[in-house]
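Student:
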Amino acid sequence: MADRCKAKAAPGCKWYSGKMTESYAPYLPLNRLKPFGPDIWIVDGPEIEFGYLGMKLPFPTRMTVVRFPDRSLWIHSPTEPEEGLLDEIRSLGAVRHLIAPNTIHYWWIPDWAELFPEAHVWAVPGLEKSAKRALRVDHTLGETAPAAWDGHIAQVLVPGDLITEADFFHHASRTLVLTDLIENFEPERVRSRMYRWLLKTFGAADPDGKAPYDMQLSFLRHRKEVRKAAEQMIAWAPEQIVIAHGRCYDMDAVSELKRAFRWVL
């Protein structure tokens, strides 16, 4: 299961160095569609560096693709539009929705929007103002699914001081799609002993991955909203979970949610 999960985050946020690193063993193959269930795929991209407390930390990330019955595609947290990946995407269907799921995961959306001008760009509230590059936003993600994918994907919105995130549940595959509200880095993939210690210290290491403790503190004023969202995710009874950073969950999804969100439940 470990090699099924990973995708590319974006430069452009203040923490992105622009340098690809080799400090985190990748989930191969990169930049290719990997089935994750009926009409859902993930894409693992190259590692990036995340600047935190003066350090440069290796960050694996992940893109998710959902295909609707009419063969239109819903793309969550797009990775860099590499040529081979684009060929696979075009063979899969027509790109109709590009999703910026939180206030960090958005960088490659303008590139995809230029390649697929018929696609609608969806983003969390306020991202068009906070984004570090020009970003066209056609629609704002809300607390419930819009008509564009209602019946296929359900959603919740989790407001926060550091990150506002929209999370999604794909009915056909029983898959919950998260971004940063659970981070689950695998220590054995990290080459730096110091970074392994940091991941464990901040609570973002497998097998007990969750929102890092500093992120949890950033939701202090929004605990009620986070709790409500977590309860909704549990009520959906997903069978598996895609996350942006680290190992995904292909079983026991409800148990993993209760464990990872115990800080707010």
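The numbering used here applies: residue 3 is where the sequence shown begins, and numbers increase by one. All C-beta atoms in this analysis are idealised placements derived from N, C-alpha and C, irrespective of residue type, glycine included.
Taking C-alpha atoms, which residue in E120, L129, I243, F263 lies nearest to G39?
Tutor: The residue from E120, L129, I243, F263 with its alpha-carbon nearest to that of G39 is I243.
Student: Apply the 10 Å Cβ neighbour rule to P71 and answer buried if 16 or more other Cβ atoms are within range, or exposed otherwise.
Tutor: In this structure P71 is exposed. Its beta-carbon is surrounded by fewer than 16 other beta-carbon atoms within 10 angstroms.
Student: Expressed to the nearest angstrom, what Euclidean distance is found between the alpha-carbon atoms of F171 and Y197?
Tutor: 32 Å
Student: Quick one: Cα of T23 to Cα of P60, how far?
Tutor: Confidence in T23 is poor, its pLDDT being 47 and thus under 50, which makes the residue's placement too unreliable to answer from.
Student: Closer than 7 Å by C-beta to I236: which residues in its own chain qualify, once you throw out the five before and the five after it? Chain order, please.
Tutor: Excluding sequence neighbours, I236 sits near V256, L259, K260.
Student: According to DSSP, which residues form a beta bridge with M196?
Tutor: None; M196 has no bridge partner.
Student: May I ask which residues mark the beginning and end of the alpha helix (DSSP H) holding I236?
Tutor: 225-237
Student: When burial is assigned at 16 or more other CB atoms within 10 Å of the CB, is T146 buried or exposed?
Tutor: exposed
Student: What are the boundary residues of the alpha helix (DSSP H) that I91 is part of?
Tutor: 85-94
Student: With DSSP collapsed to three states, give me the class of W114.
Tutor: DSSP places W114 in helix when its eight states are reduced to three.
Student: Taking all protein chains shown into account, decide if R225 is buried (16 or more other Cβ within 10 angstroms of its Cβ) or exposed.
Tutor: Exposed, by the Cβ-count rule.
Student: When you compare each of F204, F221, L117, P28 to E85 by their alpha carbons, which one comes out closest?
Tutor: L117
Student: Check A262 in the structure and name its three-state DSSP category.
Tutor: helix
Student: Using only CA atoms, which one of V179, R223, A102, W76 lies nearest to R138?
Tutor: A102
Student: Under the DSSP definition of a beta bridge, which residues are partnered with K212?
Tutor: E185
Student: Quick one, which of W151, P80, P83, A246 has its alpha-carbon nearest R73's?
Tutor: W151
Student: Starting from E167, trace the beta strand (DSSP E) in both directions and tell me its first and last residue.
Tutor: 167-172
Student: Under 7 Å between the Cβ atoms of A231 and V126?
Tutor: no
Student: If I measure Cβ to Cβ from D5 and keep anything under 8 Å in the same chain, skipping five residues before and after, which residues do I get?
Tutor: Any reading at D5 is ruled out, since the residue's pLDDT is 34, under 50, leaving its predicted position unreliable.
Student: Give the straight-line distance between the Cα atoms of S25 and R195, rounded to the nearest whole angstrom.
Tutor: 11 Å
Student: Can you give me the C-alpha to C-alpha distance between I91 and H247, rounded to a whole angstrom?
Tutor: 22 Å
Student: By a C-beta neighbour count over all protein chains shown, 10 Å radius and 16 as the cutoff for buried, is A121 buried or exposed?
Tutor: buried
Student: Which residues mark the beginning and the end of the alpha helix (DSSP H) in which K131 is found?
Tutor: 129-132
Student: With the cut-off set at 7 Å, would you say E167 and N104 are in Cβ contact?
Tutor: yes
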